[in-house]
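Protein chains in written order, with this note's numbering: chain A, 1 to 377; chain B, 1001 to 1530.
See the structure below:
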């Protein structure tokens, strides 16, 4: 009796938990917003229903036996133990069902892998722990970083609606166009995934994978890195905004202009010197965005994994080596090359910050021109 | 399936010497029963250590945000939990069962290579001490997932990798020696008249498993060695900058990894095929087709490895090939499930704890098989891959599959091992608590996976919060329920109702013809099978 009531109670809790949550989290795979994602959803449902039907039949027979063929009912066990006919039947039947399933799956798969005749191409590069987007047909490229504040992750601030699924600069693509993605990585394997497009492709260092999508409706679509890529694997979301072609054209033109202007301004900066205060403010911002994930906000690193910068010989003494490692990274470690990721003034600022923060009071000021000089070596 | 002509009680009188006393008995033992016991107790210990790590994982995932551990340690927990459960809990448990049961089932006095048997067990504690000790290194233990994909495990790992590689080497040596022993024993020590097609299915499935082990454990040893040389000796097997390929790692790893999952499930099939006929009081349906199905699964397991890698960017022809082969595995697996159900059909069933675990196995393993079939559909796999749907899938086949079968086996043979019946009420409590909690734990994972939650993340978006809390509650309950099992086993070893030699009314096979508890040396003269 106690056993039954325990069972009922647990089932009830389980069902209650279901009914209250269903409004928030979808219980099924998304149908997505593309023709392909719809096909994938249909395949998913088809194989699911087949499994349900087989399950009901097999478990039905089993529970029929459990209820009716029990010793307590005084039944005498039969002694049959084989039947070639039945055994052949239940070998052949699944084969036929599987062939019926394989045909639509093959058609969808071939369509998914056909990346030819794309209208626009975006190169997606993963690195620990951010995505980089480069439009191959335009002079536009940028990094896309997690925008959720650290305090929310540490439970010091209440969490926003798109907690861990928000980035500073989303990828923007036009609607109604075949967009081809070239996917690669700078360090370990990542996987670029947007469920609404049914696109998940591994980013392999040294190799380029292809995928594509055609989104019909404007909107914001969110995904995440799907392949374990180290400490902050859970903190590198993907956000894609699909815009009408005209809006997209306007956006990309503006973006190209802004990036060109920034490059010019950068050159002008070479002639100027920033004050220590300016360098430290910008430096702290860059440090928290790009460096703190490994070297930690307090500069202490993680012993045995990521070296400390506070009190380190490089940050206190060897300035050229310090600039060099930020610019070019260190092969064989997770230390990336930030040459292409950051502007000259950002690199100058972050090096200055690292040499003056956390009691590293060297007093060294590094300017954009110093970085340019190191770059040209 | 076999008839015994010798007097079942004759052997007890022939007992000429018993075990040595104290610690030396266990250190120096070459007795298959002692070694079987060591394996089983070791795997129980590992089950709780790996389980404790799962508790850490579930505690961190109870709520969104980072509360208890940092992401680096979280990754170490997922990695070492996986390694311990696969290599420390499930595999040694099956080896322990093989040690105890195969000689008794085929009428042999012991395993064929008893000294190697001792060694294959006693290197295991060293392997796992090394692995666990690495957690205390500066920077922590391995944190790249139990699949240790390069270059995360090479260029981007810390120095605990060297210890990880060494410990996997030792585990591999132990498994290979165990497998050789099983094969040699089965080939040479069967009692007169026990032809291959008269062997109990547990012996058959282990025979096939042992070949799988010998085929793929060296591949694992190879791939960890390549990781070691890439990291420390300047090779570039998996580094594109030196002409290698990170995806090559995955091909080699999964060429080991897929047969490995059958290594962990084929002996389970053998256990269920022993228990279901006993409590249905009816012979196993389709013995021959069970043997053929097991062999087909083993052969197909070498042709499906890349279904773990559909998102790596393989050519479409390869994706199609691996999709078709994977779907094909559903056929022999289906045959097995149909056979078990047909065995129960028109039997006279009773529902002692081993049967309850076996029935739960059939239903829940089949659910894991269904999600496996769904995962085989490549386009759908692009959505499922590396989400909690996969986590749900492999926990259904490994926990409610492999682990439940081990539980069933423990209950089924405990009276034979200890000479006492276990406490049936306590066993039923253990079963029902495990059954309910394991489903609260793993079933909702299907939903969070379909809703888009990736695996191996220490923190998640808010929409997944309620389900994760529920999953964690299920996890804690499942963990606690297993303490009942320990209590039950201790109780059963200490005493209890005396078990008869036959133990179970419907049981058939040579192990039920010898005394309970089984004498230290059994079948010193082989029984004859008609």
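Glycine residues also receive a C-beta, built at the ideal position from the N, C-alpha and C atoms.
Here the structure is a predicted model, which means the values were calculated and not measured.
Item, Value
"DSSP three-state assignment for residue 1181 of chain B, whether helix, strand or coil", "helix"
"Neighbour flag for residue 163 of chain A against chain B, beta carbons, 8 Å", "yes"
"Nearest-angstrom Cα separation, counted from residue 1111 of chain B out to residue 1254 of chain B", "31 Å"
"Residue interval of the alpha helix (DSSP H) (run including residue 68 of chain A)", "35-68"
"Environment of residue 100 of chain A [buried if 16+ CB atoms lie within 10 Å]", "exposed"
"For residue 209 of chain A, three-class secondary structure by DSSP", "strand"
"beta-carbon residue 1118 of chain B near the ligand HEM non-hydrogen atom, thresh 7 Å", "Inclusion of the ligand HEM in the displayed structure is not the case, the ligand content being empty and no account of it being possible."
"Reduced DSSP category for residue 1039 of chain B - H, G, I as helix; E, B as strand; rest coil", "helix"
"Residues bridged to residue 1346 of chain B (per DSSP)", "Residue 1346 of chain B is not bridged to any residue."
"Reduced DSSP category for residue 1250 of chain B - H, G, I as helix; E, B as strand; rest coil", "helix"
"Contact list for residue 1204 of chain B against chain A, beta-carbon separation under 8 Å", "Those do not exist, as residue 1204 of chain B stays about 16 Å from chain A at its closest Cβ, beyond 8 Å."
"Residue of B:1409, B:1153 and B:1197 minimising C-alpha distance to residue 1229 of chain B", "B:1153"
"Inter-stretch contact at 8 Å, needing at least 3 Cβ pairs: the stretch 58-74 of chain A / the stretch 1314-1326 of chain B", "no"
"Cβ neighbours of residue 308 of chain A in the same chain (closer than 6 Å, five flanking residues each side left out)", "300 and 301"
"Beta-ladder partner(s) of residue 141 of chain A, from DSSP", "A:134"
"Three-way DSSP call (helix, strand, coil) for residue 1294 of chain B in this model", "helix"
"Classification of residue 52 of chain A by the beta-carbon crowding that lies within 10 angstroms, buried from 16 upward", "exposed"
"DSSP state of residue 232 of chain A mapped onto helix, strand, coil", "coil"
"Closer than 7 Å at the beta carbon, the chain A residues around residue 1227 of chain B", "Chain A residues near residue 1227 of chain B: none, gap ~13 Å exceeds 7 Å."
"Residue 310 of chain A - partner residues in DSSP beta bridges", "The partner list for residue 310 of chain A (beta bridge, DSSP) is empty, contrary to what the question assumes."
"Cβ-based burial, residue 1468 of chain B [other Cβ within 10 Å; buried from 16]", "buried"
"Nonlocal neighbours in the same chain, by C-beta distance under 7 Å from residue 43 of chain A, ignoring five residues either side", "104, 105 and 108"
"Exposure label - residue 1439 of chain B; buried when at least 16 CB within 10 Å", "buried"
"Near-chain B residues of the stretch 192-214 of chain A (beta-carbon distance less than 8 Å), N- to C-terminal order", "193, 195, 198, 199, 200, 201, 202, 204, 205, 206, 207, 209 and 210"
"Same chain, Cβ closer than 8 Å to residue 139 of chain A, five either side skipped, listed in chain order", "256, 259 and 260"
"Buried versus exposed, by CB contacts within 10 Å (16 or more), residue 311 of chain A", "exposed"
"8 Å CB neighbourhood of residue 1495 of chain B in its chain, flanking five on each side removed", "1420"
"The stretch 116-131 of chain A contacting the stretch 1413-1431 of chain B, beta-carbon criterion three pairs below 8 Å", "no"
"Min CB distance residue 70 of chain A to chain B below 8 Å", "yes"
"Contacts of residue 1400 of chain B in chain A (Cβ-Cβ under 8 Å)", "Those within 8 Å of residue 1400 of chain B in chain A number zero; the least Cβ separation is about 14 Å."
"Amino acids of chain B, ordered along the chain, whose beta-carbon sits closer than 8 Å to that of residue 383 of chain A", "Because residue 383 of chain A is not part of the residues shown, which for chain A are 1 to 377, the question remains open."
"Proximity winner among B:1067, B:1492, B:1477 and B:1316, relative to residue 155 of chain A (alpha-carbon distances)", "B:1067"
"Ordered list of alpha helix (DSSP H) runs contained in the stretch 1030-1110 of chain B, each at least 4 residues", "1032-1060, 1071-1083 and 1091-1106"
"Contact set for residue 1402 of chain B: own chain, Cβ-Cβ below 7 Å, skip 5 residues either direction", "1090, 1264, 1265 and 1268"
"Nearest residue (CA-CA) to residue 348 of chain A, options A:205, A:365 and A:314", "A:365"
"C-beta contact flag for residue 1280 of chain B and residue 1415 of chain B at 8 Å", "no"
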